[in-house]
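Chemist: Sharing a structure with you now.
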Amino acid sequence: MIKFEAVNKRFPNGTTAVHNLNLEMADGGITVLVGSSGCGKTTTLRMINRMVEPTSGTIHVGGKDVLKQDAAQLRRSIGYVIQQSGLFPHRTILDNIATVPLLLGWGRKKARSRAAELLETVGLTAESGKRYPHQLSGGQQQRVGVARALAADPPVLLMDEPFGAVDPVVRTQLQDELLRLQQELGKTIVFVTHDIDEAVRLGDRIAVFRTGGHLVQCATPAELLARPADEFVADFLGAERGLKLLSLSTLADVPQSPAPEGGRWELVLDTSRTPLGWLDRDAGGSETLVPVRPLRDGDSLLSALNESVASPTGLIARVDGAGVLTGVTPRDVIHAHAGDWHASASSRAAQAGALALDTEAKVAPSSADTATSGNGASGTASTVTPKGGTS
Numbered sequence: 000m001i002k003f004e005a006v007n008k009r010f011p012n013g014t015t016a017v018h019n020l021n022l023e024m025a026d027g028g029i030t031v032l033v034g035s036s037g038c039g040k041t042t043t044l045r046m047i048n049r050m051v052e053p054t055s056g057t058i059h060v061g062g063k064d065v066l067k068q069d070a071a072q073l074r075r076s077i078g079y080v081i082q083q084s085g086l087f088p089h090r091t092i093l094d095n096i097a098t099v100p101l102l103l104g105w106g107r108k109k110a111r112s113r114a115a116e117l118l119e120t121v122g123l124t125a126e127s128g129k130r131y132p133h134q135l136s137g138g139q140q141q142r143v144g145v146a147r148a149l150a151a152d153p154p155v156l157l158m159d160e161p162f163g164a165v166d167p168v169v170r171t172q173l174q175d176e177l178l179r180l181q182q183e184l185g186k187t188i189v190f191v192t193h194d195i196d197e198a199v200r201l202g203d204r205i206a207v208f209r210t211g212g213h214l215v216q217c218a219t220p221a222e223l224l225a226r227p228a229d230e231f232v233a234d235f236l237g238a239e240r241g242l243k244l245l246s247l248s249t250l251a252d253v254p255q256s257p258a259p260e261g262g263r264w265e266l267v268l269d270t271s272r273t274p275l276g277w278l279d280r281d282a283g284g285s286e287t288l289v290p291v292r293p294l295r296d297g298d299s300l301l302s303a304l305n306e307s308v309a310s311p312t313g314l315i316a317r318v319d320g321a322g323v324l325t326g327v328t329p330r331d332v333i334h335a336h337a338g339d340w341h342a343s344a345s346s347r348a349a350q351a352g353a354l355a356l357d358t359e360a361k362v363a364p365s366s367a368d369t370a371t372s373g374n375g376a377s378g379t380a381s382t383v384t385p386k387g388g389t390s
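Structure follows, in structure tokens:
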């Protein structure tokens, strides 16, 4: 667990970067720190490995006070990924990844073996290990940066806007890769971004900061979107927060039925029953198909809503893992489930807020200046728990 207790950071010029921060991040989850520029999110992250020293307060990682540890040893025990990858240009990719193991005294053979293993883990070829950073794309360099951060198998991984400098397509791919790695490795990850969509997609919990280093709210993505603590959080989430909420629910429980036959529109399949597109029978003999993007049970309600609007029939095609048609779902069914999901998320958020208030009523706050925790309730600490866990 990472635990901040009454942490402040004031710079010599008088600027307060972080103010009275109380925050707990449970093991094995992704905690995303978001907020506008200058809100203290990066400073908060960098105080964990003492790249920035706190002015007051305590920070514990794994039960140990970071201020009582040797700074160099602390940094070598924590993975760190930054926006521009930070690779050494004069070293090969393999040697870049092996950097921390070598600093920790691993033998060269063992360190390079670990580096080669991680190349495969992050989706790069063994051949790329012989190259230099300038010979890789931006996305590939970021994968190397992640591999280097994981090389010594640290329990904690700090990521400071790691995907901010790549194009949207590569960014989505890297986000997918991070989620896959997290499912496999279960690290405690602290992730900084200014992009709320990225935060919702990646975070087990999201901590929202405002200017002056004040923690305004810390909650699960669903709770945050369903019940923002105040107008600042609501504005930061954006006018489409209702749609963002739909990205957190899947099609798995949404019913489907056989594709209709005999109407104006026919869903054309290939010989393996993979959907090819919609054929308009009233188009005067035209064989041009309207494109279709089939969805699987794991796709989100937001994707389903988008596809139902784009479909000329208002139907979305559903397929299994092999791409074989399993049925269709009409737009009105998707709308109904979207409404049910919103109501359910709002109810859970209200319950979480009530529980937080009840808990805080039993514990006297340590300071009059408290942070907003859970789902809008005022408290001295916000606990971050990985998905499926308990707090």
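Number 338 in numbering that gives the first Met the number 0 belongs to position 339 of the sequence shown; there are no gaps in the numbering.
C-beta: ideal position from N, C-alpha, C; glycine also.
These numbers come from a predicted model, not from an experiment.
1) To which residues does DSSP link residue 268 through a beta bridge?
2) What does a CB cutoff of less than 7 Å around residue 323 pick up in its chain, not counting 5 residues either side in sequence?
3) Which runs of the alpha helix (DSSP H) spanning at least 4 residues fall entirely within the region 158-223, listed in chain order?
4) What's the call for residue 153, buried or exposed, on a 16-neighbour Cβ count within 10 Å?
5) Please state whether the Cβ-Cβ distance between residue 294 and residue 246 is less than 8 Å.
6) On the premise that residue 228 lies in contact with residue 215, defined as a C-beta separation below 8 Å, what is that separation, rounded to the nearest angstrom?
7) Over what stretch of residues does the beta strand (DSSP E) that includes residue 394 continue unbroken?
8) Tell me the rounded alpha-carbon separation between residue 201 and residue 354.
9) Can you tell me where the beta strand (DSSP E) with residue 17 in it begins and where it stops?
10) Near residue 82, what residues of its chain come up, given a Cβ to Cβ distance below 7 Å and the 5 sequence neighbours on each side ignored?
11) With H, G and I counted as helix, E and B as strand and the rest as coil, what does DSSP make of residue 319?
12) If residue 147 and residue 122 are in contact, beta carbons under 8 Å, what's the gap, nearest whole angstrom?
13) Alpha carbons only, please: which of 63, 55 and 292 is nearest the one belonging to residue 327?
14) In the DSSP assignment, the beta strand (DSSP E) including residue 8 goes from what residue to what residue?
15) Among residues of its own chain, excluding the 5 on either side of residue 211, which ones have a beta-carbon nearer than 8 Å to its beta-carbon?
16) Decide yes or no for the touch test of the region 117-136 against the region 47-62: beta carbon pairs closer than 8 Å, at least 3 of them.
17) Looking at the secondary structure, which residues open and close the alpha helix (DSSP H) in which residue 137 lies?
18) Report, in whole angstroms, the separation of the C-beta atoms of residue 103 and residue 75, which I expect to be a contact under 8 Å.
19) Across which residues does DSSP place residue 249 in a beta bridge pair?
20) Give the DSSP-derived three-state secondary structure of residue 86 in the structure shown.
21) Assuming residue 34 contacts residue 190 (C-beta within less than 8 Å), just tell me the rounded distance between them.
22) With distances taken from CA atoms, which of 253, 70, 185 and 180 is nearest residue 0?
Modeler: According to the structure shown:
1) The count along the sequence shown starts at 1 and reaches residue 268 at position 269. Checking the DSSP bridge columns, you'll see residue 268 partnered with 274.
2) Taking the sequence shown and counting its residues from 1, the one referred to as residue 323 is at position 324. Taking residue 323 as the centre and dropping the five residues before and after it, the same chain places the C-beta of 271, 272 and 273 closer than 7 Å to its C-beta, in chain order.
3) The region 158-223 contains, as complete alpha helix (DSSP H) runs of 4+ residues, the segments 167-184 and 195-201 (chain order).
4) By 1-based counting over the sequence shown, the position of residue 153 is 154. Looking at its Cβ environment, which holds 16 or more other Cβ atoms inside 10 Å, residue 153 is buried.
5) In the sequence shown, the residue the question calls residue 294 occupies position 295. In the sequence shown, the residue the question calls residue 246 occupies position 247. Between residue 294 and residue 246, the C-beta spacing is not below 8 Å.
6) As a first step, residue 215 must be located in the sequence shown, where it is residue number 216. As a first step, residue 228 must be located in the sequence shown, where it is residue number 229. The Cβ separation is near 6 Å, so the contact holds.
7) Here the chain has residues from 0 to 390 only, and residue 394 is not among them.
8) If you number the sequence shown from 1, residue 201 lands on position 202. If you number the sequence shown from 1, residue 354 lands on position 355. Here the alpha carbon of residue 201 sits roughly 25 Å from the alpha carbon of residue 354.
9) Within the sequence shown, the letter at position 18 stands for residue 17. Residues 15-24.
10) To locate residue 82, count along the sequence shown from 1; it is residue 83. Only 159, 160, 161, 163 and 164 meet the Cβ criterion.
11) Numbered from 1 along the sequence shown, position 320 holds the residue referred to as residue 319. Coil.
12) As a first step, residue 147 is located in the sequence shown; it is residue number 148 there, counting from the start. As a first step, residue 122 is located in the sequence shown; it is residue number 123 there, counting from the start. Between residue 147 and residue 122 the beta-carbon gap is near 15 Å, outside 8 Å, which marks them as no contact.
13) Within the sequence shown, numbered from 1, the residue matching residue 327 stands at position 328. Taking only the C-alpha atoms, the option nearest residue 327 is 292.
14) Your numbering for residue 8 matches position 9 in the sequence shown. Counting along the chain, the unbroken beta strand (DSSP E) around residue 8 starts and ends at 1-9.
15) Start at 1 with the first residue of the sequence shown, and residue 211 comes out as number 212. Within the same chain, Cβ atoms closer than 8 Å to the Cβ of residue 211 are found at 15, 18, 38 and 39, the five residues on either side in sequence being excluded.
16) Contact between the region 117-136 and the region 47-62 is absent, because fewer than three Cβ pairs lie under 8 Å.
17) Position 138 of the sequence shown, counted from the first residue, corresponds to residue 137. For residue 137, the uninterrupted alpha helix (DSSP H) run begins and ends at 137-149, by DSSP.
18) Counting from 1 along the sequence shown, the entry for residue 103 is found at position 104. Counting from 1 along the sequence shown, the entry for residue 75 is found at position 76. About 6 Å; that satisfies the 8 Å criterion.
19) Locating residue 249 in the sequence shown gives position 250, counting from the first residue. Answer by DSSP bridge pairing, in chain order: 299.
20) On the sequence shown, residue 86 is found 87 positions in, with the first residue counted as 1. The DSSP-derived three-state label of residue 86 is coil.
21) Taking the first residue of the sequence shown as 1, we reach residue 34 at position 35. Taking the first residue of the sequence shown as 1, we reach residue 190 at position 191. Not quite, the Cβ-Cβ distance comes to about 13 Å (not below 8 Å), so this is no contact.
22) On the sequence shown, residue 0 is found 1 positions in, with the first residue counted as 1. Here the closest residue by C-alpha is 185.
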